[in-house]
Amino acid sequence: KMAYIAGYMVGKGWISREELADFNLCLGDNLATHIRSILRGADSRGTAFASAFTCVGVEGSRAALASEE
1127 KMAYIAGYMV GKGWISREEL ADFNLCLGDN LATHIRSILR GADSRGTAFA SAFTCVGVEG
1187 SRAALASEE
């Protein structure tokens, strides 16, 4: 949900793509840390999750652009 909202904000021009990338990396790192704390021996990387969050962010950007038409 947070990645979608951030993508929507990019579509509206409220934040830059660089800020979105930083935000997605932060979300990915937080999720990876959470998984490692729950599953002992898990080797989660934040960048893997960040790439998935990027796809969600693109959908948010598309929704913002579609609402302007």
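So the sequence shown is numbered by the working numbering: it starts at 1127 and just counts up by one. Don't be surprised by glycine CBs; every beta carbon is placed ideally from N, CA and C.
Rounded Cβ spacing between residue i and residue j (contact assumed at less than 8 Å)
i: A1176; j: N1150; result: 4 Å
i: L1146; j: G1183; result: 6 Å
Top-ranked residue by Cα proximity to residue i, from the options
i: A1129; options: S1193, R1188, A1192 and E1194; result: R1188
i: E1154; options: T1180, V1136, G1139 and R1143; result: The sequence as given places Gly at residue 1154; Glu does not occur at that position. When each option's Cα is compared against that of G1154, the closest is T1180.
Cα-Cα separation between residue i and residue j, rounded to whole angstroms
i: E1185; j: L1165; result: 30 Å
i: R1162; j: N1156; result: 10 Å
i: A1192; j: R1143; result: 18 Å
i: G1133; j: A1158; result: 21 Å
i: M1135; j: E1194; result: 13 Å
i: G1139; j: I1131; result: 12 Å
Three-state secondary structure (DSSP) of residue i
i: E1194; result: coil
i: K1138; result: helix
i: L1151; result: helix
i: L1146; result: helix
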